[in-house]
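According to our numbering, the residues represented by the sequence shown are 33 to 429, in order. Report on the following structure.
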Amino acid sequence: MIRLLVSLVLLMGLTGAASAHERSRSNSAWTETEAGLSGLIYLEARQATLFLSLADEGTTLETAYQQRLVDGLRVTRGDTVCLLDAAPSIHLRADGRLEGRVDWSCDAQGQIEIGVQVFSPLSANHVHFIRMEGANGVQERILSRGRTTAYFGGGAHVAPGGWTGFLILGFEHILSGPDHVAFVLGLMLIVAGWRRLTLVTLGFTFGHSVTLALAVLGWVSPPGAAIESLIGFSILFIAAEAALTKSTEFRQVGWAGGAALLTLAVLSALAGGLLTWPVWLGLIVLTVFYFHWLGQGGRMEFTAPMLSGGFGLLHGVGFAGILLEIDISGDQLLPSLISFNAGVELGQLAIVITALAGLAILRLFTPGRALLWGRYAMIAGLEGVGTFWFVGRAFGA
33 MIRLLVSLVL LMGLTGAASA HERSRSNSAW TETEAGLSGL IYLEARQATL FLSLADEGTT
93 LETAYQQRLV DGLRVTRGDT VCLLDAAPSI HLRADGRLEG RVDWSCDAQG QIEIGVQVFS
153 PLSANHVHFI RMEGANGVQE RILSRGRTTA YFGGGAHVAP GGWTGFLILG FEHILSGPDH
213 VAFVLGLMLI VAGWRRLTLV TLGFTFGHSV TLALAVLGWV SPPGAAIESL IGFSILFIAA
273 EAALTKSTEF RQVGWAGGAA LLTLAVLSAL AGGLLTWPVW LGLIVLTVFY FHWLGQGGRM
333 EFTAPMLSGG FGLLHGVGFA GILLEIDISG DQLLPSLISF NAGVELGQLA IVITALAGLA
393 ILRLFTPGRA LLWGRYAMIA GLEGVGTFWF VGRAFGA
């Protein structure tokens, strides 16, 4: 019971930081000509609202985006700095993205350099995918974090692209996604021992690899916003498991959780939430019956690999989001998918190793009671952010 009390006390104070989940990404398509280059730069309009903080009061979203393109793009070819022919033209597409068209003039020939610092001042984790069509065929580059310049053509400096770029992208994607990190840490709380931890990790790997491939290949297309909400539920669910030990607690949480979900389902129906009734019903059945089974003596160690695999299916669709938003050429789709997934696996492994190493160090000089309270605090934190993401995203917040 003390675990539940600690969780409730810390819950309210820990949810505020969860709003930083939103990932920032954009893409552009460039064409090389004899006279220079033409580019189309795409960004979701809701992400472009950040630019308004840099503009004067009353500035429109399109004008703010136009100014950021002027200030944040730099193009050179050979030894010549290319010049903008005119101010970028901006229009809002039907899919909710802003499209900015830029035309650059530069007579020199040689290696092309495109510097993109349109988004990095406001979003340190922004990812930008560049596709260039020119004399050397179609080339693709990925810019993120400290890499803000892409190189095309001759020369030794080549920004990550191809399989290496997607490997790095996958690695950075899971590490920069606090919901995915939180879920992996939650899995580590419900099992003990290397064998069980390995099985749980493999279950998660299998689950997210399946849906990542299916989503990127276009075989499944569940609504992204609803999936993001269910990812939050997966964190809350795992944290609730880790918080309980007594059979009566499991049964009580099962019934209480089912009642809470039913209430949310009714509110969602009235307020136009993102989750459908069949989804709410599935969550209610899972919560009531699974925790009731644990209360009857069921061993979570035996079901943990299947549970992590099932929730991994949700996270896989979440991983696929960034690949679905960029225009990957058909012949590069499969290798890009494999490389990206490998990067995700490396990132997942890094999370597990770092957490285990940190725990081993703490055990050397930290009293056992302090470690126990640290565990309670971590569970409370996971419950807090899981609840925040689940409920907030389910209602479109």
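Backbone N, C-alpha and C fix where the C-beta goes; we use that ideal spot for every residue, glycine too.
Considering only C-alpha positions, which residue in the set the options is nearest to residue i?
i: T112; options: A126, A274, W136 and I122; result: W136
i: V242; options: L345, V423 and D103; result: L345
i: F420; options: L130, R179 and G264; result: G264
i: S371; options: L365, L217 and L199; result: L199
i: L378; options: A119, K278, T233 and H158; result: T233
i: L175; options: S56, L388 and G110; result: S56
i: F184; options: I73, L116 and E165; result: E165
i: L69; options: D88, D117, L75 and T92; result: D117
i: G235; options: G342, F269 and P120; result: G342
i: L388; options: S121, G104, G218 and L299; result: G218
i: L293; options: P337, T95, V423 and T63; result: V423
i: G428; options: L262, V384, S279 and F269; result: L262
i: H123; options: L299, Y97 and G314; result: Y97
i: V134; options: W251, L154 and V107; result: V107
i: E145; options: L296, G110 and W405; result: G110
i: G209; options: S58, H347 and L404; result: H347
i: V349; options: M332, G225, L246 and C114; result: L246
i: G353; options: W195, T63, S253 and F269; result: S253
i: D363; options: E172, L84, Q143 and T237; result: E172
i: F323; options: P399, L369, Q284 and S340; result: Q284
i: I270; options: E333, V248, I360 and G329; result: E333
i: I360; options: A426, A382, G250 and L276; result: G250
i: H158; options: Q143, R177, V170 and G169; result: R177
i: V320; options: E415, E281 and Y408; result: E281
i: L339; options: R425, A426 and V223; result: V223
i: A126; options: G418, A77 and L404; result: A77
i: R425; options: G304, L72, L403 and T63; result: G304
i: T95; options: A382, A291, L130 and L231; result: L130
i: K278; options: G289, Q328, L315 and G290; result: Q328
I'd like to confirm the pairing. Which residues does DSSP put opposite residue i in its beta bridges?
i: V148; result: L105
i: N168; result: Partner(s): none; N168 has no beta bridge.
i: G225; result: Answer by DSSP bridge pairing: none, since G225 is not bridged.
i: T181; result: G147
i: W62; result: G71 and M164
i: L175; result: H160
i: R78; result: DSSP, once it has assigned bridges, lists no residue as partnering R78.
i: R57; result: V159
Are there 16 or more other CB atoms within 10 angstroms of the CB of residue i, so buried, or fewer, so exposed?
i: R227; result: exposed
i: Q380; result: buried
i: I267; result: buried
i: V41; result: With a pLDDT of 37 at V41, under the threshold of 50, the predicted position of this residue should be treated as unreliable, and no value is reported.
i: H212; result: buried
i: L302; result: exposed
i: L326; result: buried
i: I393; result: exposed
i: T65; result: exposed
i: E273; result: buried
i: L75; result: buried
i: P337; result: buried
i: E89; result: exposed
i: R395; result: exposed
i: R401; result: exposed
i: R331; result: exposed
i: S300; result: buried
i: N59; result: buried
i: F161; result: buried
i: S85; result: exposed
i: G286; result: buried
i: W62; result: buried
If you drop the 5 nearest sequence neighbours on each side, which residues of the same chain put their C-beta closer than 6 Å to that of residue i?
i: A12; result: Any answer about residue 12 is impossible in this case: the structure gives the chain only from 33 up to 429.
i: Q141; result: G110
i: L79; result: It is Gln, not Leu, that sits at residue 79 in the sequence shown. Closer than 6 Å at the Cβ level, and outside the excluded window around Q79, lie S56.
i: L82; result: L154
i: G256; result: G353
i: L207; result: G379
Within the same chain, show all residues whose beta-carbon is closer than 7 Å to that of residue i, passing over the 5 residues directly before and after it, in chain order.
i: F351; result: H205, H240, L244 and V376
i: N373; result: G202, S241 and L244
i: F180; result: The question names Phe, but residue 180 in the sequence shown is Thr. Here the set comprises G147, V148, Q149 and S152.
i: P120; result: Q98, L101, V102, G132, R133 and V134
i: G197; result: R173 and I174
Given residue i, which residues of its chain have a CB within under 8 Å of its CB, disregarding the five upstream and five downstream residues?
i: V505; result: This structure cannot speak to residue 505, because the chain is shown only from 33 to 429.
i: V311; result: A258 and L262
i: M410; result: L217 and L221
i: G128; result: E76, A77 and R78
Got a sec: does the ligand MN put a non-hydrogen atom nearer than 8 Å to the Cβ of residue i?
i: A96; result: The ligand MN is not part of this structure, which contains no ligands at all.
Chain C beta carbons: is any one of them nearer than 9 Å to that of residue i?
i: L207; result: Absent here is chain C; the protein component of the structure consists of one chain.
key: Contiguous alpha helix (DSSP H) assignments of at least 4 residues, all confined to the region 234-311   = Counting whole runs of 4 or more residues, the region 234-311 contains the alpha helix (DSSP H) stretches 256-275 and 279-303.
query = At what residue ranges does the region 83-140 contain a whole run of the alpha helix (DSSP H), taking only runs of 4 or more?
reply = If only complete runs of 4 or more residues are kept, the region 83-140 shows the alpha helix (DSSP H) at 93-104, in order along the chain.
request  = Scan the region 364-417 and note each continuous alpha helix (DSSP H) run of 4 residues or more that stays entirely inside, going in chain order.
outcome  = Listed in chain order, the complete alpha helix (DSSP H) runs (minimum 4 residues) inside the region 364-417 are 365-397.
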